[in-house]
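Structure first, then comments.
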Amino acid sequence: MLKTIFTRAAWLFVLISILWLFHDQFYLLKTVSVQNDILNELVVRLKKVETGHRVSF
């Protein structure tokens, strides 16, 4: 039981850290269309990575 609590706490800490690091960038992306374009681009690049293509972020 203690292990699951620590695991959940660690994941929560990681998630909050990532959001804190990128909160400025997220704040700049005010329009939903811009966010969707960026998410679509990330999905395309991740699919290329999965199929073995070289991708630069």
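If you want my numbering, it's the position in the sequence shown, counting the first as 1, plus 1474. Ideal Cβ placement from N, Cα and C applies to all residues, glycine included.
Rounded straight-line distance, which links the Cα of residue j to that of residue i
i            : j            : result
residue 1475 : residue 1516 : 36 Å
residue 1523 : residue 1512 : 16 Å
residue 1478 : residue 1518 : 34 Å
residue 1510 : residue 1520 : 15 Å
residue 1532 : residue 1514 : The requested residue 1532 does not occur in the structure, where the chain is confined to residues 1475 to 1531.
residue 1484 : residue 1491 : 10 Å
residue 1534 : residue 1481 : In the structure displayed, the chain extends from 1475 to 1531; residue 1534 sits before or after that span and is not available.
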